[in-house]
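No gaps in the numbering here: position 127 of the sequence shown is 472 in this note's numbering, and each next residue is one more. Working notes, structure below.
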Amino acid sequence: MAEHDSDREDGTEPEEQSVPFDEAAAWAAIVAGYGDEPPDPPGAKPFKSVEDLALLEPETNDDEPAPEQPARPASLGGSVAFAPGVGPRDYSTPEPAEDDLGEDDEGHFVPPEPPPLPAADTTAKFAWLAVVGGPLLLLLAVLLRWDMTWWLATTGIGGFLGGFATLVVRMKTDDEDDGDPGRGAVV
């Protein structure tokens, strides 16, 4: 935290440095060293490029340099290349032999027919029609630039609110199924 002369409580002046700071020389040293990469620490291994990831690990920087690798063409994709027809997406499962199936196995599974959906009553159908139809009526009125009359706004907003309230009131609760909810887990 910097301390200003006017903020000092004891009223003393800050001590002056014995060696003057040469700001121009400091900036000249920064500019002169700009772009120079510092040497790697002893024992550090250089980073590998994407093309060289499959190659063996080179020795550390302290040892003699690795022998020159033959020039490789630059790859445009990832570091792993597959021959045609050998990639991971070309895998197929082997067909089962007749010996693989037991006496009880049929060899295939056919799921049972799902139960039919419960029939919706007339009240629920009209409630859903109001919940969806109310906002659609208002959107249609805006898109077609109809005059927003009181009956149009009342029908759209009232239909949505009435249909939503009807659906919420008619929701089934799980309390009807429980015979004795205070008993906890039954083993």
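No residue lacks a Cβ here, since even glycine has one placed at the ideal position from N, Cα and C. Given the structure is predicted, the values throughout are model-derived calculations rather than measurements.
Item to check | Proximity below 7 Å, CB of G503 to CB of L483 | outcome: With respect to L483, G503 sits apart: the two C-beta atoms are not nearer than 7 Å.
Checklist entry - Can you name, in chain order, every residue of its own chain whose Cβ lies under 6 Å from the Cβ of L488, other than the five neighbours on each side? => result Closer than 6 Å at Cβ, skipping near neighbours: no residue.
Checklist entry - Between A472 and T511, which are expected to be in contact by the criterion C-beta below 8 Å, what is the C-beta distance as a whole number of angstroms? => result Confirmed, Cβ separation roughly 4 Å.
Checklist entry - Measuring CB to CB, does P480 end up less than 7 Å from F505? => result For P480 and F505, yes; Cβs fall inside 7 Å.
Item to check | Residue environment, R475, which counts as buried when at least 16 other CB atoms sit within 10 Å | outcome: Strictly speaking, residue 475 in this sequence is Ala, with Arg absent from that position. Answer is buried; the Cβ neighbour count reaches 16.
Item to check | Residue from V513, W491 and P457 with nearest C-alpha to T468 | outcome: Out of V513, W491 and P457, the CA that lies nearest to the CA of T468 is found in V513.
Item to check | N-terminal and C-terminal residue of the alpha helix (DSSP H) that F471 is part of | outcome: Start and end: T467 to L488.
Checklist entry - Which residue from V431, K470 and E458 puts its Cα closest to that of F509? => result Answer by Cα proximity: K470.
Checklist entry - In this structure, does DSSP put A573 in helix, strand or coil? => result Residue 573 is absent from the model: the chain starts at 346 and stops at 532.
Next on the checklist: With H, G and I counted as helix, E and B as strand and the rest as coil, what does DSSP make of T500?
Outcome noted: In the structure shown, T500 sits in a helix (DSSP, three-state: H, G or I).
Next on the checklist: I'd like the list of long-range same chain contacts for G507, defined as Cβ closer than 7 Å, with 5 residues on each side in sequence excluded.
Outcome noted: In the same chain as G507, and ignoring 5 residues on each side of it, the C-beta atoms closer than 7 Å to its own belong to A475, in chain order.
Next on the checklist: Quick check on the burial criterion: 16 or more other C-beta atoms within 10 angstroms. Buried or exposed for V364?
Outcome noted: V364 should be labelled exposed.
Next on the checklist: Could you compute how far the alpha carbon of P439 sits from the alpha carbon of M516?
Outcome noted: So the alpha carbons of these two residues sit roughly 50 Å apart.
Checklist entry - A374 to E382, Cα distance in whole Å? => result Distance between A374 and E382, taken at the CA atoms: about 15 Å.
Checklist entry - Taking the alpha-carbon positions, what's the F392 to E458 distance? => result Distance between F392 and E458, taken at the CA atoms: about 60 Å.
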